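Engineer:
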Amino acid sequence: MPYVFHRSALYSLLYAASVVELGLTGFRIHHTKSTAGFYDPIVVELLVTSALTLLWIPVTVFAHLRGSRNAESSGFAPLHGESGGNFVLWVLWLVGGAIITHKFPNATLAGGGKEGHILLTIVAFAWIAFSALSLGKIFVLLQYATLKAEGAGTAETRKSEKA
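Each residue of the sequence shown is one higher than the one before, counting from 1379 in my numbering.
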C-alpha cells in the first residue's frame, strides 16, 4: 500500500484543520447570535462540514488499517468507499469555501478587529481543508492506478495467484 502513509498524513492535516474550523465557526455563530441576533448560514454550513469531516476521518483511517493488514484480498472496494465519502466532503468544502470567500473576500468586508480576523481565518481554514481533500483524492487515484497496474483488483488475478 504505497500511498496509505501519504493519505494518512493528509487526513491528519485535514483533521486538525477541521478541529480549528469547528472552533472558529462555533465562536462566530455564538458571537453573532448573542450580539446581533442572527448568524450567517454559510458559517453554519462550514460548521456542519467540519463536524462531518471529524466523523469521516476515523472511518477512513480504520479502513486504512484494515486494508493494510489484508492488502491482497481488499482490492478496490476500500478505495471506492473512501473516494465516495471524500467526494461528498470535497463538494461541501468547495461550496462553503467559495461562498464565504465571495461574501468576505478581504479584511474590509469582513470587518475590523477580532471578528474580522476570525472570519478571514475561517475562510483560510476552509481552503486548507479543501486543499488537503484535493490532494487526498489525487493520492487515492494514484493508489487506484498502482493496484490496477499490479492487477490486484481483478478476480481473475486473485484466482490465478491462489492456484
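Here a beta-carbon is modelled for each residue, glycine too, at the ideal position from N, C-alpha and C. Remember, predicted model here, so these are calculated numbers, not experimental data.
#1: Tell me whether GLY1474 sits in a helix, a strand or coil according to DSSP, three-state version.
#2: For a test of the three-state rule: what should DSSP assign to ALA1414, helix, strand or coil?
#3: With C-beta atoms as the reference, is TRP1434 less than 8 Å away from GLY1462?
#4: So the candidates are PHE1482, GLU1528, LEU1511; which of them puts its Cα closest to the Cα of HIS1384?
#5: Measure the C-alpha to C-alpha separation of VAL1437 and LEU1425 and round it to an integer number of angstroms.
#6: Can you tell me whether ALA1523 is buried or exposed? The criterion is at least 16 other CB atoms within 10 Å of its CB, across all chains shown.
#7: Determine the extent of the alpha helix (DSSP H) in which PHE1517 is found, giving its start and end residues.
#8: Are the beta-carbon atoms of ILE1420 and ILE1478 separated by less than 8 Å?
#9: Given this structure, state the Cα-to-Cα distance separating LEU1432 from GLY1459, to the nearest angstrom.
#10: Beta-carbon within less than 7 Å of ALA1395's beta-carbon, same chain only, minus the 5 sequence neighbours each way: which residues are those?
#11: Suppose the cutoff is 8 Å on Cβ atoms and the five residues either side in sequence are ignored; what does the same chain contact list for TYR1381 look like?
#12: If you draw a straight line from the C-alpha of GLY1474 to the C-alpha of GLU1423, how long is it?
Structural biologist: Taking the geometry as given:
#1: Your numbering for residue 1474 matches position 96 in the sequence shown. DSSP places GLY1474 in the helix class (H, G or I) of the three-state scheme.
#2: One-based indexing of the sequence shown puts residue 1414 at position 36. DSSP places ALA1414 in coil when its eight states are reduced to three.
#3: For the purposes of this step, residue 1434 is identified with residue 56 of the sequence shown, where counting begins at 1. For the purposes of this step, residue 1462 is identified with residue 84 of the sequence shown, where counting begins at 1. Their beta carbons are not under 8 Å apart, which means TRP1434 does not touch GLY1462 by this criterion.
#4: Start at 1 with the first residue of the sequence shown, and residue 1384 comes out as number 6. It is LEU1511.
#5: Here the question's residue 1437 lines up with position 59 in the sequence shown. Here the question's residue 1425 lines up with position 47 in the sequence shown. Each residue's Cα considered, the two are about 19 Å apart.
#6: As a working mapping, residue 1523 is identified with position 145 in the sequence shown. Result: exposed.
#7: Within the sequence shown, numbered from 1, the residue matching residue 1517 stands at position 139. Following the DSSP letters along the chain, one finds PHE1517 inside the alpha helix (DSSP H) bounded by residues 1491-1528.
#8: Here residue 1420 is taken as the residue at index 42 of the sequence shown, counted from 1. Here residue 1478 is taken as the residue at index 100 of the sequence shown, counted from 1. Against a cut-off of 8 Å, the Cβ pair of ILE1478 and ILE1420 comes out as a contact.
#9: Along the sequence shown, read from residue 1 onward, the residue named residue 1432 stands at position 54. Along the sequence shown, read from residue 1 onward, the residue named residue 1459 stands at position 81. For LEU1432 and GLY1459, the gap between their C-alpha atoms comes out near 17 Å.
#10: Residue mapping note: residue 1395 aligns to position 17 of the sequence shown, counting from 1. Excluding sequence neighbours, ALA1395 sits near PHE1503, ILE1506, ALA1507, ALA1510.
#11: Here residue 1381 is taken as the residue at index 3 of the sequence shown, counted from 1. Closer than 8 Å at the Cβ level, and outside the excluded window around TYR1381, lie PHE1517, VAL1518, LEU1520, GLN1521, THR1524.
#12: Sequence index remark: in the sequence shown, residue 1474 carries index 96 (1-based). Sequence index remark: in the sequence shown, residue 1423 carries index 45 (1-based). Distance between the alpha carbons of GLY1474 and GLU1423: 7 Å.
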